[in-house]
Amino acid sequence: MVAVGQFRCPRHYFGHGAVRTVELHVFVDASQSAFAAVAYWRVTYEDDNVMVSFVCAKTKGAPMRTMSIPRLELQAAVLGTRLMNTVQEEHSVDISETVLWTDSKTVLRWFGSTHRRYKQFVGNRVAEILESSKVSQWRWVPTAENAADDATRSQNKADLSPESRWLSGPAFLRQPASGWPAPEEGTKRVPDAPEEGTKRVPDAPDEEEMPGEFALMAADEFAIPFQRFSSFSRLVRTTAWVLRFARWCRKQRSEIEEYALTASECEAAENLLVRQAQLESFPDEMRSAECGKDVASSSDIRGLAPYVDEHGVLRVYGRVDAALCMPYSARRPVILSHRHSLMDLIVRHFHAQMKHQNVDATIAQIRTRFWVTKMRRVLKEVISSCNECKLQRTRPLPPITGPLPEDRLEAGGWPFKYTGLDYFGPLLVTVSRHREKRWVALFTCLTTRAIHLELAHDLSTDSCIIAMRNFVCRRGPVHRLRSDNGKNFVGADREAKRFGDVFETERIQSELSSRSIEWDFNCPSNPSEGEVWERMVQCVKRVLRHTLKEVAPRVHVLESFLIEAENVVNSRPLTHLPVDADQEAPLTPNDLLKGAANLPNTPGLDAELPKEGSTRKQWRIARMLRDRFWRRWVLEYLPTLVRRE
Ligand SMILES: [Zn+2]
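The structure is reproduced here in structure tokens:
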């Protein structure tokens with residue numbers, strides 16, 4: 001203790017002269033009672049003089065519980081690494097190299113190993129050490145040369161003079177690097193030599209290593225359980241990966257297998273699965289087919305003339321073999337049993353591929369690859385358990401619709417007895433050299449759903465009355481006229497307005513009542529009342545708007561066009577379209593209006609649009625508009641037919 005009081009350590013690190021390089025050397029060591037780390041500067045001057053000076057040291061008592069020496073050495077290495085970090089952080093000196101020295105070969109081997117199968121204690125500490133140091137920075141030093149060794153054992157006569165090894169560093173450091181202990185000595189698998197004076201636990205590096213866990217299993221049954229898969233393609237791909245793994249284990253590796261699965265690998269996997277399923281379902285048939293014998297008469301697949309192909313798969317010897325236009329798999333489909341769980345996966349796969357539609361098309365699709373016993377039954381089972389199909393089949397409970405109005409149910413009346421009125425516009429027309437706006441009054445028969453289009457000069461009450469009078473004169477007596485009182489009109493001020501805001505309702509009312517026409521002016525509150533009418537009107541309006549976009553025809557051309565458009569709409573089928581040749585032509589509004597079916601002179605869908613240069617002649621414009629309307633109408637109207645119940 002007296003010696004401690006006299007301990008003196010120089011405050012300066014370096015002597016005189018220009019410094020070339022500064023190296024940091026950290027020594028670590030551990031014994032049963034303590035572990036320590038000590039850091040030195042190794043300074044090389046311009047005149048090749050080398051000076052070693054003490055930086056700092058750290059000692060810790062060993063933990064009370066017994067710990068193996070390699071673990072304590074590792075603990076010392078952790079201490080040394082932390083000391084190194086502190087020295088590096090706290091000094092502004094430019095350190096050219098850092099070397100960490102230990103006398104434990106076990107610890108060095110832990111650092112250098114490429115696997116990471118160590119127990120948690122070792123694994124965590126090695127990870128911490130290698131976070132701030134490289135494996136190449138760690139070197140082995142004989143215990144006798146290890147300066148940190150001084151701090152790990154009790155000594156009666158400690159040398160604390162400035163010339164001691166503790167303060168001036170080990171002697172080899174003052175020599176050039178070639179004279180240092182060889183680094184490769186430390187990496188050899190030699191157990192640490194037991195030291196004198198301390199009782200050393202023999203090195204047991206394998207204790208720290210986690211034993212590898214391998215098990216060799218030989219199984220007779222098929223390795224891939226079909227039941228654990230819910231998708232056929234996933235099963236095929238998994239099998240293909242397993243096959244690739246097995247091939248790689250046998251060193252049969254081809255170059256194209258670097259990346260994802262190839263088509264031929266998937267095919268091989270599918271063949272394997274199918275063969276396995278066949279072996280499970282038709283063991284006897286497989287055996288007799290392989291010997292070239294006929295299958296037993298009790299078999300499910302008698303009469304199919306099964307044979308085994310080069311992949312060992314049972315196929316139908318097809319009667320349609322000569323049909324070379326069909327793919328091989330369709331001419332000689334693979335036989336599968338409806339009882340096997342693979343079949344369930346395959347049917348599910350095709351069912352999803354056909355987007356859960358059409359049983360017959362799905363069966364045809366499966367037939368191109370597989371011949372399945374009792375296929376329809378399997379497919380029905382799949383469909384009845386398919387969640388998506390269940391969702392599609394489920395319909396929300398329809399709201400209870402109100403009773404249909406009298407207008408919609410009238411039979412034995414005449415067209416336009418009950419009529420809806422709508423306005424459409426504005427449309428641009430060319431008058432002499434400028435453009436003007438026109439509107440279209442759209443009358444819809446609520447019973448037959450025929451339409452009548454009347455050109456209105458403007459949005460005045462007068463022209464509305466004129467349009468109504470024209471309509472009534474041409475389409476016979478009207479019993480009741482309904483008009484939608486929604487905000488359908490966009491006036492000069494760009495604001496949506498109601499029918500009643502635009503026209504003088506009193507004048508219209510008196511005009512209509514003088515012709516004994518009831519006027520129902522309110523917007524229908526019963527959805528089933530306005531539904532069909534509204535949808536049709538919207539459709540006509542949309543098609544008209546598209547057809548007349550950017551075209552400002554002359555007034556008489558527009559009038560002619562409206563009559564043509566009216567005819568097109570009125571020739572649409574009211575009943576379902578005929579599918580067979582012997583079915584009757586569908587009923588159209590024109591049948592009811594004209595008493596005769598429409599003449600089939602409607603333009604074809606593929607009629608060419610006239611060139612722009614030829615539009616000088618007004619009849620050509622009229623025809624062009626008519627063709628465009630027709631085209632558009634077919635596109636817009638036909639889809640709505642599908643939805644009609
Ligand atoms: Zn489905």
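Per full-length UniProt numbering, the sequence shown starts with residue 1, numbered consecutively. Ideal Cβ positions, reconstructed from N, Cα and C, are used throughout, including at glycine.
At a cut-off of 7 Å, is HIS349 close to ligand 1 when judged by its beta-carbon and the heavy atoms of the ligand? no
Once you ignore the five residues that flank GLU46 on each side, which residues in its own chain have a CB closer than 6 Å to its CB? ALA18 and ARG20
Does the distance from the CB of LEU173 to the CB of VAL22 come in under 8 Å? no
Is any heavy atom in ligand 1 found nearer than 7 Å to the beta carbon of ILE301? no
Determine the closest residue to SER432 out of ALA151, ARG253, ARG42 and ARG554, with distance taken between C-alpha atoms. ARG554
Taking the alpha-carbon positions, what's the ARG139 to HIS25 distance? 10 Å
Assigned secondary structure, ILE383 (DSSP; H/G/I helix, E/B strand, else coil): helix
Tell me the rounded alpha-carbon separation between GLY169 and MET67. 29 Å
If we ignore side chains and look at the alpha-carbon of each, how far apart do PRO194 and VAL28 end up? At PRO194 the pLDDT is 39, less than 50, meaning the model places this residue with poor confidence and gives no usable figure here.
Kindly indicate which three-state DSSP category GLU196 falls into: helix, strand or coil? Interpretation of GLU196 is limited by its pLDDT of 39, a score under 50 that renders its predicted location unreliable; the figure taken from the coordinates is listed afterwards. In this structure, GLU196 counts as coil in the three-state DSSP scheme.
Ends of the alpha helix (DSSP H) at MET84? 69–90
By Cβ distance below 6 Å, which residues in the same chain neighbour VAL126 in space, the five residues on each side in sequence not counted? TRP110
Tell me the residue span of the beta strand (DSSP E) that contains SER53. 50–61
Going by the C-beta, is GLU128 closer than 7 Å to any heavy atom of ligand 2? Ligands displayed in this structure: ligand 1; ligand 2 is not among them.
Quick check: the Cα distance between ASN271 and CYS539, rounded to an integer number of angstroms? 54 Å
DSSP three-state assignment for HIS556, whether helix, strand or coil: helix
6 Å CB neighbourhood of ALA456 in its chain, flanking five on each side removed: TRP439, ALA441, SER463 and ALA467
Going along the chain, which unbroken runs of the alpha helix (DSSP H) with 4 or more residues stay wholly within the segment 322–382? 328–331, 341–353 and 359–367
Within the segment 411–478, note down every full alpha helix (DSSP H) run reaching 4 residues or more, in order along the chain. 461–475
Anticipated Cβ contact below 8 Å, LEU243 with GLU265, distance rounded: 7 Å
C-alpha gap between ARG8 and ALA57, whole angstroms: 15 Å
Quick one: what's ASP150 bridged to in DSSP? Looking at the DSSP assignment, ASP150 forms no beta bridge with any residue, so it has no partner.
Please report how far the alpha carbon of GLN32 lies from the alpha carbon of ARG253, in whole angstroms. 53 Å
Which residues mark the beginning and the end of the beta strand (DSSP E) in which PHE35 is found? 34–45
On the three-state DSSP scale, how would you describe ASP627? helix
Per-residue DSSP class, three states only, for TRP166: helix
Extent of the continuous beta strand (DSSP E) run through PHE27: 19–30
Helix, strand or coil for THR394 per DSSP? coil
Is the segment 356–365 touching the segment 307–327, taking contact as three or more C-beta pairs under 8 Å? no
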